[in-house]
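Q:
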Amino acid sequence: MIRLIVGRLAMGVVVLWAVATVSFFALRAAPGGPFDEERAAPPEVMRNIEERYHLNEPVLVQYGRFLAGVARFDFGHSMKRQQTVGEIIRNHAPYSARLGVFALTIAITLGVLLGVLAAHRQNRLGDHAAMTISLIGISVPSFVLGPVLIMVFALGLFWLPPARAEGFSSYILPAATLGLIYMGTIARLTRSGMLETLRQDYIRTARAKGVSERAVVWKHGLRLGLIPVVTYLGPATAGLISGSFVVEKVFQIPGLGYSFVASIQDRDYPVLTGVLVFYATFLVLLNLAVDIAYGVIDPRIRDKR
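Using my numbering, read the sequence shown as starting at 1 and increasing by one per residue.
Here it is in structure tokens:
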């Protein structure tokens, strides 16, 4: 297991370097720049700005300076705001993390319940109903589901606030918008994992010994049946937290996604690269956590590694 962790960490460093490098050169290869305006600034002003942000240096020199900063997790100062990139990440990441945790809770809870119900009632009404609900969750995109939930529960029934992050209730609609999309996939993975597990010999043995069906399903079957879900939780969690750009924009939540979209419009190089590397680091750590979780859930996998 130690060898696995060290190998994954080494691979993660390579991934972070690749993300940082691609984002650095891709942003500078795109047409336009962070200080391009309809009305051009005086040449002396532009020279001062370029010197302030080292834009007058050769690209490879800028790249070396950038990599040195990434190694220290120092992405410099925003070109458009009176903040460093580190301050922007610290100020906005908690909103995205809170939204992601709420959405993940909804996705796992509803997804596992629907998946277990579908597996236990295979090819019956419960199975068909659960899979229909999961299909709806997978099929409806967030930019459609979000406004629909706002129209129904905020503007129609007046049960919940339509936007902003001003309390627990304001996170319910955006978390549901994100969580219901991933809920469908988790339900299908849970169903397939449970169906395979419930056919195992030890399950038949437990039933032959007179173990109750509830204990067979929830105690003996669920643990191994959730292995496909655990595999999916790494990228799903990263997707919930890093892929909430549209939802944060729709619900006006000042998270990293909202800040990232604003930085794209401003061509704010340091913020864009800093947020991308931050998300990549988060994804690498999540995948490492998933690999460790394999060994905790199923000792056979740990022993093989």
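Positions of the beta carbon are idealized from the N, C-alpha and C atoms, including for glycine.
Predicted, not measured: the structure shown is a model, and the values here were computed from it.
#1: Determine the direct distance from the alpha carbon of L16 to that of G179, and round the result to whole angstroms.
#2: Comparing C-alpha positions only, which one of D291, A18, G257 and G221 sits nearest to A97?
#3: Per DSSP, what kind of secondary structure is H128 in: helix, strand or coil?
#4: From S78 to D268, what distance separates their C-alpha atoms?
#5: Whole angstroms is fine: what's the gap from T132's alpha carbon to Y279's?
#6: Assuming R191 and G115 are in contact, meaning their beta carbons sit under 8 Å apart, how far apart are those beta carbons, in whole angstroms?
#7: Considering only the beta carbon of each residue, do G184 and S134 sit closer than 8 Å?
#8: At the level of alpha carbons, what is the spacing between D201 and P235?
#9: Is it a yes or a no for the stretch 142–153 touching the stretch 205–222, going by three-plus beta-carbon pairs under 8 Å?
#10: Under the rule that 16 or more other beta-carbon atoms within 10 Å means buried, what is F158, buried or exposed?
#11: Could you give the C-beta distance for F73 and P270, rounded to a whole number, given that I count them as a contact under 8 Å?
#12: In this structure, does DSSP put H54 in helix, strand or coil?
#13: Using the beta-carbon count (16 or more within 10 Å), is A29 buried or exposed?
#14: Tell me T84's beta-bridge partners as DSSP assigns them.
#15: Tell whether a beta-carbon distance below 8 Å holds between I227 and V112.
A: Straight from the coordinates:
#1: Spanning the alpha carbons of G179 and L16 requires a straight line of approximately 27 Å.
#2: When D291, A18, G257 and G221 are compared, the shortest CA-CA separation from A97 is found for G257.
#3: The DSSP-derived three-state label of H128 is helix.
#4: Between the alpha carbons of S78 and D268 lies a distance of about 7 Å.
#5: Whole-angstrom Cα-Cα distance: 33 Å.
#6: The pair is a contact, with the Cβ atoms about 4 Å apart (cut-off 8 Å).
#7: Taking 8 Å as the Cβ cut-off, G184 and S134 qualify as a contacting pair.
#8: Each residue's Cα considered, the two are about 32 Å apart.
#9: Look at the beta carbons and you see the stretch 142–153 not touching the stretch 205–222: under three pairs across the two are nearer than 8 Å.
#10: Within a 10 Å sphere around the beta-carbon of F158 sit fewer than 16 other beta-carbons, which makes this residue exposed.
#11: The beta-carbon distance between F73 and P270, rounded to whole angstroms, is 13 Å. This is too long to meet the 8 Å contact definition.
#12: For H54, the three-state secondary structure derived from DSSP is coil.
#13: The residue is exposed, with fewer than 16 neighbouring Cβ atoms inside 10 Å.
#14: H77.
#15: No, the Cβ-Cβ distance between I227 and V112 is not below 8 Å.
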